[in-house]
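Mapped onto the working numbering, the consecutive letters of the sequence shown carry residue numbers 79 to 531.
All C-beta atoms, glycine included, are put in the ideal place defined by N, C-alpha and C.
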Amino acid sequence: MTGTVKYQLDESKIPTHWYNIAADLPVPLPPPLHPGTGQPLGPSDLEPLFPMEIILQEVSQERDIEIPTPVRDIYRQWRPAPLYRARRLEAALGTSAKIYYKYEGVSPAGSHKPNTAVPQAFYNQQAGVKRLSTETGAGQWGSSLAFAGSLFGLTVEVFMVKVSYQQKPYRRALMETYGARCVASPSEETEAGRAILRAHPDSTGSLGIAISEAVEVAAKRDDTKYALGSVLNHVLTHQTVIGIEAMAQMDMADDYPDFVIACAGGGSNFAGLAFPFIGHGLRGAKKPRVIAVEPASCPTLTRGHYAYDFGDTAHLTPLVKMHTLGSTFIPPGFHAGGLRYHGMAPMVSHLKELGLIEAESWQQTECFAAGIAFARAEGIVPAPESTHAVKSAIHHALKARGAGTSPVILLGLSGHGHFDMQAYSDYFAGKLVDQPHDEAELQRALGELPSLS
Ligand SMILES: *Cc1c(COP(=O)(O)O)cnc(C)c1O
79 MTGTVKYQLD ESKIPTHWYN IAADLPVPLP PPLHPGTGQP LGPSDLEPLF
129 PMEIILQEVS QERDIEIPTP VRDIYRQWRP APLYRARRLE AALGTSAKIY
179 YKYEGVSPAG SHKPNTAVPQ AFYNQQAGVK RLSTETGAGQ WGSSLAFAGS
229 LFGLTVEVFM VKVSYQQKPY RRALMETYGA RCVASPSEET EAGRAILRAH
279 PDSTGSLGIA ISEAVEVAAK RDDTKYALGS VLNHVLTHQT VIGIEAMAQM
329 DMADDYPDFV IACAGGGSNF AGLAFPFIGH GLRGAKKPRV IAVEPASCPT
379 LTRGHYAYDF GDTAHLTPLV KMHTLGSTFI PPGFHAGGLR YHGMAPMVSH
429 LKELGLIEAE SWQQTECFAA GIAFARAEGI VPAPESTHAV KSAIHHALKA
479 RGAGTSPVIL LGLSGHGHFD MQAYSDYFAG KLVDQPHDEA ELQRALGELP
529 SLS
């Protein structure tokens, strides 16, 4: 057989539980700290921002967390997501490796993000919340939460990083189509936004700034809570539907991955695909090499410090221990907007420290080249973020050709690039340049890491 092969699970195989890796860790995750006292956070500290059910999931040590029936009913529209064997890509590369990809672009918003947007909207609605505030980078999260909010009758307000707001007008139109309000960040609507604009009137924004604005709105309004699309434990847990399904699908294919590869911005699609495999390994099964792939211009895992830092620029969030470039680091305006966060999920960072995962970084032009090779072989145009995983998978597949081995590679294709065609046009026009991270900017931002005495 030479065509691409699809491994499709029956609807009854939509997972009934999310997987919480905290239950299997050899060393517990360092706790989040209160920004004022430096003491470990209690659940009540998070109550202004999140409903209690989500707070309990954030600190849960239970391995299996039940997926509520209304959430599974919505998942049914696009889950189980397909797993493909990329036979045509393998042939184009002339590799002896087997390449599988788990495709999350089949959701209504076009990425993995509705996997957590839907349960977050559900738990908030159950708790009587009326409005959600959030931030978005490339617009993927904003449109996913807008979609989920529309299902549960919640008003959604999105602070969108200004550079993406300008680069991606159709993502904004999608959010508005779902009924959300979208504001370019930094904005005049919050103290945090106004402070940044006073200091840097032409700031193009960052996720750290947009988070400050969204958190400020939720903290100030009784009817409003905050929703985050990545980084936090409960978000990573919700995304494990990806890996749980992929495990069953690899079983159908009668294979087990030697490599599990996904791109990492805040770490949620990576965690979603990889954690079930890592957990399986921790409980005694074969351990694949697990690789988180990031852009060279925002190299959190590969160049950041592992330290307690704030999640946002205005320092409104708790301190969490993570790989960070410093909460005031502003990455250059490259096209994979979803990978422009200064930090990494604490759980992903912890696993890196424990040696359970690896990290790689690649330049954007080599990622686009890989994305185009993928599209020409498989027909699916990857999101700019997802091209990082494709690049890494191709790299390891070509290395196998040199070494005469036949590894099984599973990559996460976190979304499609249909809203990102301007980036592809820019690539074809030769307008995309590689921007290594700015070393002086990095040293400045790292110098501002909070000191905990
Ligand atoms: C948001 C996004 C990412 C990055 O976020 P993670 O939390 O690291 O997964 C990657 N791919 C796509 C398609 C996205 O929308």
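So does residue i have its beta carbon nearer than 7 Å to some heavy atom of ligand 1?
| i | result |
| --- | --- |
| F348 | yes |
| C341 | yes |
| Q245 | no |
| G482 | no |
| E463 | yes |
| G570 | For the chain, the structure presents residues 79 to 531; residue 570 sits outside this window and is missing. |
| L417 | yes |
| S242 | no |
| Q218 | yes |
| K91 | no |
| K191 | yes |
| S375 | no |
| S122 | no |
| G345 | yes |
| G493 | yes |
| S71 | Examination of residue 71 is not possible in this model, given that the chain is present from 79 through 531 alone. |
| S308 | yes |
Looking only at its chain, what residues have a beta carbon closer than 7 Å to the beta carbon of residue i, apart from the 5 residues adjacent to it on each side?
| i | result |
| --- | --- |
| K364 | Y334 |
| T465 | C445, F446, A448, G449 |
| L432 | P104, V105 |
| I322 | P93, Y97, P354 |
| N202 | P129, L210, L232, K303 |
| A536 | It is not possible to answer for residue 536, since the shown part of the chain is limited to 79 through 531. |
Do residue j and residue i count as a contact pair if the criterion is CB distance below 8 Å?
| i | j | result |
| --- | --- | --- |
| E213 | E291 | yes |
| H413 | P462 | yes |
| L111 | L119 | yes |
| Y162 | Y179 | yes |
| N311 | A100 | yes |
| V313 | S284 | no |
| M330 | T378 | no |
| D387 | L394 | no |
| F497 | Y243 | no |
| G493 | G307 | no |
| Q245 | Q500 | yes |
| C376 | H515 | yes |
| A205 | M325 | no |
| G220 | V236 | yes |
| I458 | I177 | no |
| V234 | A224 | yes |
| Q198 | A164 | no |
| P121 | V137 | yes |
For residue i, write down the residues that DSSP places opposite it in a beta bridge.
| i | result |
| --- | --- |
| H401 | Y384 |
| D142 | Y97 |
| Y179 | Y162, L489 |
| K66 | Residue coverage of the chain in this structure runs from 79 to 531, which leaves residue 66 outside it and unanswerable. |
| R259 | E235 |
| W440 | P373 |
| H494 | P460 |
| G421 | T402 |
What three-state label does DSSP hand residue i in the structure shown?
| i | result |
| --- | --- |
| H413 | coil |
| I458 | coil |
| T115 | coil |
| I487 | strand |
| G220 | helix |
| V207 | coil |
| G525 | helix |
| R367 | strand |
| A251 | helix |
| C376 | coil |
| F337 | strand |
| H278 | coil |
| E266 | coil |
| V319 | helix |
| V83 | strand |
| S122 | helix |
| S503 | helix |
| S284 | coil |
| S308 | coil |
Excluding the five sequence neighbours on either side, which residues of its own chain have a C-beta within less than 6 Å of the C-beta of residue i, listed in chain order?
| i | result |
| --- | --- |
| A270 | S290, E291, E294, A392 |
| A296 | L127, S211, T302, K303, Y304 |
| M400 | G421, M422, P424, S427 |
| Y505 | F446 |
| P409 | S375, C376, R418 |
| I339 | I369, A467, S470, A471, L489 |
Excluding the five sequence neighbours on either side, which residues of its own chain have a C-beta within less than 8 Å of the C-beta of residue i, listed in chain order?
| i | result |
| --- | --- |
| V319 | I92, P93, W96, I145, Y153, R157, N193, G350 |
| L520 | R381, L403, G404, F407 |
| I435 | A352, I356, V368, I369, A370, V426, L429 |
| V511 | T443 |
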